[in-house]
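Novice: One structure coming up, written as structure tokens, with questions to follow.
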Amino acid sequence: MTAVAAFEEGLGNAAAQYSDAFDAARDEPALRAANARYTGPNGLVTKLMKLMPELPKEQRRELGQRANQLKEEIERAFAQRLDGLLQAARLAELSGPSLDISLPGYGARRGYLHPLTRLKHELLDLFGALGFDIAEGPEVDLHENNFDRLGFPADHPATDMQDTFFMQQPPGVNPRATLLRTHTSTVQIREMLRRKPPLAVVSAGAVFRRDDDATHSPMFMQIEGFMVDEGVSFSHLKGVLTHFLQRLFGANVPVRFRPSYFPFVEPGGEVDVGCTLCRGYEVIHIPGQQPAALPGGSAEVCRACKGTGFMEILGCGMIHPVVFEHVGYDPERYTGFAFGMGIDRIAMLRYGIPELGLLYGNDPRFLTQL
Ligand code: PHE
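Quick note on numbering: the sequence shown equals residues 68 to 437 in the working numbering.
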């Protein structure tokens with residue numbers, strides 16, 4: 068067969084076949100494969116083009132033109148078929164099963180307040196209902212407000228009893244000038260400096276000490292309350308605290324007042340509440356002796372109350388005249404009471420938590436149970 072005849076046959080075959088081949092392609096990859104069989108690097112038409120130099124000169128031009136025309140025809144047909152296939156695919160997508168937007172998604176977990184924050188609000192509300200104003204104070208405070216004005220003499224053992232975190236100071240500044248407050252009693256000083264009696268104030272927030280065991284954490288929360296007016300007496304203190312503790316723990320939980328010492332009160336006391344975890348207060352305990360076996364026959368000593376049956380929850384007393392002098396109140400005219408307590412201690416009793424660390428570990432598996 069002559070080169071011309073072969074060329075003609077190739078052109079004829081390609082022209083006869085491509086249209087059916089394109090129609091038979093059901094999707095884009097199949098169509099592209101079919102197209103490659105004609106115009107790809109090894110395609111029929113491409114191969115014919117390569118045969119051109121072998122054609123006799125007189126026919127080369129005419130045959131070349133026909134080959135080019137066919138190639139363009141195939142390219143147009145390919146583009147058209149591709150367009151059709153893509154449109155059909157899009158149409159199928161649009162008319163097929165739609166995205167079900169009514170399917171409920173994965174709900175975002177809602178945040179919630181930490182149990183200690185909730186308890187703090189509850190305690191503030193309780194005192195608010197008794198007529199106490201709510202005040203706030205800073206966590207970093209002056210040495211004066213935390214110690215001196217409260218009647219702690221310089222180098223009083225209480226300052227190392229409370230083992231304070233002092234803030235770092237630039238050279239030349241007293242290294243004990245500012246500190247992380249060790250108690251909320253700083254707010255007593257701040258409010259009394261700001262206001263004149265009569266006043267009744269509560270305040271709650273974080274306090275810091277170098278303590279860390281089952282019942283102590285280096286950061287914990289306190290709530291402080293105090294009241295100053297003419298004629299305020301210890302019986303007011305007892306009345307307010309007894310009401311408060313009975314509201315909180317129920318009328319049946321034993322409460323005991325013990326004399327105690329704080330530099331800023333005179334007389335001073337501490338209040339213990341019966342341990343709701345072990346109810347060890349039902350067992351007679353003689354101080355200094357091994358605690359008796361706890362109810363329920365457990366040989367273990369309750370970690371929350373250390374087997375004593377009671378948990379100390381607050382300090383209180385009548386505000387010392389020296390404090391009034393430091394804030395410019397007349398100690399001959401005014402008297403007042405103050406109390407301060409650990410909110411976490413109350414939470415331990417309230418929710419039956421044996422380890423303080425659980426409250427500050429922030430494990431949601433634990434916190435969501437409260
Ligand atoms: N500030 C004392 C403490 O943190 C508690 C207290 C407050 C005692 C008010 C008496 C009066 O231990």
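Each residue gets a CB set at the ideal place from its N, CA and C atoms; glycine is no exception.
When you compare each of Glu139, Leu118 and Glu125 to Tyr85 by their alpha carbons, which one comes out closest?
Specialist: Glu139
Novice: Are Phe405 and Cys383 touching if we call contact CB-CB under 9 Å?
Specialist: For the record, residue 405 in the displayed sequence is Ala; it is not Phe. Cβ distance < 9 Å, so Ala405 and Cys383 count as in contact.
Novice: If you reduce the DSSP assignment to three classes, tell me which class Met228 lands in.
Specialist: With a pLDDT of only 49 at Met228, under 50, the local geometry of the prediction cannot be trusted, and the value read off the model is given with reservation. Three-state result, Met228: helix.
Novice: For Leu426, which three-state DSSP category applies?
Specialist: helix
Novice: Measuring straight from C-alpha to C-alpha, what distance separates His393 and Glu379?
Specialist: 29 Å
Novice: Look at the Cβ atom of Ser252, then the Cβ atom of Phe331, and state whether they are nearer than 9 Å.
Specialist: yes
Novice: Between which two residues does the beta strand (DSSP E) holding Thr249 run?
Specialist: First-last for Thr249: undefined, no H or E at that position.
Novice: Please confirm if the region 266-285 is in contact with the region 315-323, defined as three or more CB-CB distances below 8 Å between the two stretches.
Specialist: The way I'd put it, the region 266-285 doesn't touch the region 315-323; fewer than three beta-carbon pairs between them come closer than 8 Å.
Novice: Helix, strand or coil: how does DSSP classify Thr375 here?
Specialist: In the structure shown, Thr375 adopts coil according to DSSP, grouped into three states.
Novice: Taking Pro237 as the reference, which of Ala146, Asp230 and Thr245 has the closest Cα?
Specialist: Thr245
Novice: Could you check where the alpha helix (DSSP H) with Ala155 kicks off and where it finishes?
Specialist: Lys124 to Ser162
Novice: Any heavy atom of the ligand PHE within a distance shorter than 8 Å of the CB on Ala267?
Specialist: no
Novice: Could you tell me the alpha carbon to alpha carbon distance between His181 and Glu160, rounded to whole angstroms?
Specialist: 49 Å
Novice: Need the endpoints of the alpha helix (DSSP H) that Gly195 sits in, please.
Specialist: Pro182 to Ala196
Novice: DSSP three-state call for Ile410: helix, strand or coil?
Specialist: helix
Novice: Measure from the alpha carbon of Pro431 to the alpha carbon of each residue in Gly178, Val269, Leu166 and Lys187, then state which is nearest.
Specialist: Gly178
Novice: Could you tell me the distance, in whole angstroms, from the CA atom of Lys117 to the CA atom of Arg143?
Specialist: 22 Å
Novice: Going by DSSP, what residues sit across from Thr435 in a beta bridge?
Specialist: Answer by DSSP bridge pairing: none, since Thr435 is not bridged.
Novice: Here's the rule I'm using: 16 or more other beta-carbon atoms within 10 Å means buried, otherwise exposed. How should Ile201 be labelled?
Specialist: exposed
Novice: Out of Pro242, Asn135, Gly419 and Ile410, which one is the CA nearest neighbour of Phe287?
Specialist: Ile410
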